[in-house]
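Peer 1: In UniProt numbering, the protein residues as written are 1 to 215.
Once you've had a glance at the structure underneath, I'll fire off some questions.
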Amino acid sequence: MDFSRDFIALACAKGVLRFGSFVTKAGRNSPYFFNAGLFDDGASFRELCGFYARALRAADVPCDMLFGPAYKGIPLVAGVAIRLAEDGVNLPFAFNRKEAKDHGEGGTLVGAPLDGRVLILDDVISAGTSVRESVELIRAGGAVPAGVVIALDRMERGKGAQSAVEEVRASFDIPVIAVATLDDLIAYLGDSPELAANLDAVQAYRDTYGICSPR
Ligand SMILES: O=P(O)(O)OC[C@H]1O[C@H](OP(=O)(O)OP(=O)(O)O)[C@H](O)[C@@H]1O
Ligand SMILES: O=C(O)c1cc(=O)[nH]c(=O)[nH]1
């Protein structure tokens, strides 16, 4: 997307995208990591939500409401709903608790009742567990998953030869939209003198775990 590079630049400038040695949820040793929790001030978080809103508009996926899986999806879904409302699209939103509340209103769902076509907003898809759980919650509530929007598609293999993102698309027959992809990150590293030293390690990682090897 034409704004993917701006998003990568923001993530690098904020230290949300870091380079070094990190272990992913899948147990892979990755030379880069995207920690969305580091969009930790009002201005950068507002920008992040603006990128989601732009990706959503560009993809034009029909939906009736938004859902954010706990925990990182929670501020995200609220922030993106605000950005969309500012642009004249006022959508209901909901999120879940990781542990059910046993007093007061109780339960695991907070916000608007699940209804109609529900778009899931999360930061990354790693093995797809969080999206699968969200789809189960949405269906159990009598609604229909409409798609997923994430910040970064790491373009790496899931359980089989497909990427985890492709597995989610195929299993649930829904679109998965990413603000930026590993390809965008690699292009950015190549053009960025202060970060270009990380390029070889990132490309080697893609050669090992990636879904394509365009070199
Ligand atoms: O595709 P997956 O294998 O599920 O990995 C991606 C999920 O992992 C992280 O959430 P996590 O549940 O670790 O916790 P957090 O949101 O509470 O940080 C991330 O925010 C995604 O929701
Ligand atoms: O695969 C993961 O666990 C993972 C990778 C990444 O870049 N960011 C993240 O939050 N999780």
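Glycine residues also receive a C-beta, built at the ideal position from the N, C-alpha and C atoms.
State buried or exposed for Arg215, treating a residue as buried only when at least 16 other CB atoms are found within 10 Å of its CB.
Peer 2: For the purposes of this step, residue 215 is taken as the residue at position 215 of the sequence shown. With a pLDDT of 43 at Arg215, under the threshold of 50, the predicted position of this residue should be treated as unreliable, and no value is reported.
Peer 1: Thinking C-beta only, is Gly158 closer than 8 Å to Leu121?
Peer 2: For the purposes of this step, residue 121 is identified with residue 121 of the sequence shown, where counting begins at 1. For the purposes of this step, residue 158 is identified with residue 158 of the sequence shown, where counting begins at 1. Annotated as distal: Leu121 and Gly158, with beta-carbon spacing of 8 Å or more.
Peer 1: By Cβ distance below 7 Å, which residues in the same chain neighbour Phe172 in space, the five residues on each side in sequence not counted?
Peer 2: To locate residue 172, count along the sequence shown from 1; it is residue 172. Result list for Phe172: Val135 and Pro145, in chain order.
Peer 1: With distances taken from CA atoms, which of Phe33, Phe45 and Tyr32 is nearest Val80?
Peer 2: In the sequence shown, the residue the question calls residue 80 occupies position 80. For Val80, the nearest C-alpha among the options comes from Phe45.
Peer 1: Leu109: which of Asp123, Leu119, Leu91 and Ala70 sits nearest, CA to CA?
Peer 2: One-based indexing of the sequence shown puts residue 109 at position 109. Checked all of Asp123, Leu119, Leu91 and Ala70; the closest Cα to Leu109 is Ala70.
Peer 1: Taking only three categories from DSSP, how would you classify Ile8?
Peer 2: One-based indexing of the sequence shown puts residue 8 at position 8. In this structure, Ile8 counts as helix in the three-state DSSP scheme.
Peer 1: Please work out which residues of its chain come closer than 8 Å, Cβ to Cβ, to Ser213, disregarding the five sequence neighbours upstream and downstream, and give them in chain order.
Peer 2: Indexing the sequence shown from 1 puts residue 213 at position 213. With a pLDDT of 46 at Ser213, under the threshold of 50, the modelled position of this residue cannot be trusted; read the value that follows with caution. The residues are Arg206 and Asp207.
Peer 1: Does DSSP put Asn96 in a helix, in a strand, or in coil?
Peer 2: If you number the sequence shown from 1, residue 96 lands on position 96. Note: Asn96 maps to strand in three-state DSSP.
Peer 1: Tell me the DSSP bridge mates of Asn29?
Peer 2: Start at 1 with the first residue of the sequence shown, and residue 29 comes out as number 29. Per DSSP, the beta-bridge partners of Asn29 are Val23.
Peer 1: Consult DSSP for Pro175 and reduce its assignment to one of helix, strand or coil.
Peer 2: The count along the sequence shown starts at 1 and reaches residue 175 at position 175. Three-state DSSP puts Pro175 in coil, outside helix and strand.
Peer 1: Within its chain, find whatever has a CB closer than 8 Å to the CB of Ala187; leave out the 5 residues flanking it on each side and keep chain order.
Peer 2: Taking the sequence shown and counting its residues from 1, the one referred to as residue 187 is at position 187. The residues are Arg5.
Peer 1: Using the Cα positions of Arg117 and Glu105, report the straight-line distance between them to the nearest angstrom.
Peer 2: Locating residue 117 in the sequence shown gives position 117, where the first residue counts as 1. Locating residue 105 in the sequence shown gives position 105, where the first residue counts as 1. Their backbone Cα atoms lie some 25 Å apart in a straight line.
Peer 1: Could you give the residue range of the alpha helix (DSSP H) that holds Ala70?
Peer 2: Indexing the sequence shown from 1 puts residue 70 at position 70. Run containing Ala70: none; DSSP gives neither H nor E here.
Peer 1: From which residue to which residue does the alpha helix (DSSP H) around Val131 run?
Peer 2: Indexing the sequence shown from 1 puts residue 131 at position 131. Where Val131 is concerned, the enclosing alpha helix (DSSP H) stretches over Thr129 to Ala140.
Peer 1: Would you tell me roughly how many angstroms separate the C-alpha atoms of Pro193 and Thr129, rounded to the nearest one?
Peer 2: Your numbering for residue 193 matches position 193 in the sequence shown. Your numbering for residue 129 matches position 129 in the sequence shown. Cα to Cα, the separation comes out at about 36 Å.
Peer 1: With Val202 as the anchor, note down where its alpha helix (DSSP H) starts and where it stops.
Peer 2: Residue 202 sits at position 202 when you count from the first residue of the sequence shown. Run containing Val202: Leu199 to Tyr209, per the alpha helix (DSSP H) assignment.
Peer 1: Any heavy atom of ligand 1 closer than 7 Å to the beta-carbon of Asp123?
Peer 2: Within the sequence shown, residue 123 is the residue found at index 123, counting from 1. The answer is yes for Asp123.
Peer 1: Can you tell me whether DSSP reads Phe45 as helix, strand or coil?
Peer 2: Counting from one through the sequence shown, the residue named residue 45 turns up at place 45. Helix, per DSSP.
Peer 1: Tell me whether Arg97 is buried or exposed, calling it buried when 16 or more other Cβ atoms sit within 10 Å of its Cβ.
Peer 2: In the sequence shown, the residue the question calls residue 97 occupies position 97. Classification for Arg97: exposed.
Peer 1: Name the DSSP bridge partner or partners of Arg18?
Peer 2: If you number the sequence shown from 1, residue 18 lands on position 18. Per DSSP, Phe33.
Peer 1: Please indicate yes or no: does the CB of Thr108 lie closer than 7 Å to some heavy atom of ligand 1?
Peer 2: Here residue 108 refers to the residue found at position 108 when the sequence shown is read from its first residue. Distance from the C-beta of Thr108 to the nearest heavy atom of ligand 1 is not below 7 Å.
Peer 1: Flag this pair as yes or no: are the beta carbons of Phe51 and Tyr32 separated by less than 8 Å?
Peer 2: Counting from 1 along the sequence shown, the entry for residue 51 is found at position 51. Counting from 1 along the sequence shown, the entry for residue 32 is found at position 32. Going by C-beta atoms, Phe51 is not nearer than 8 Å to Tyr32.
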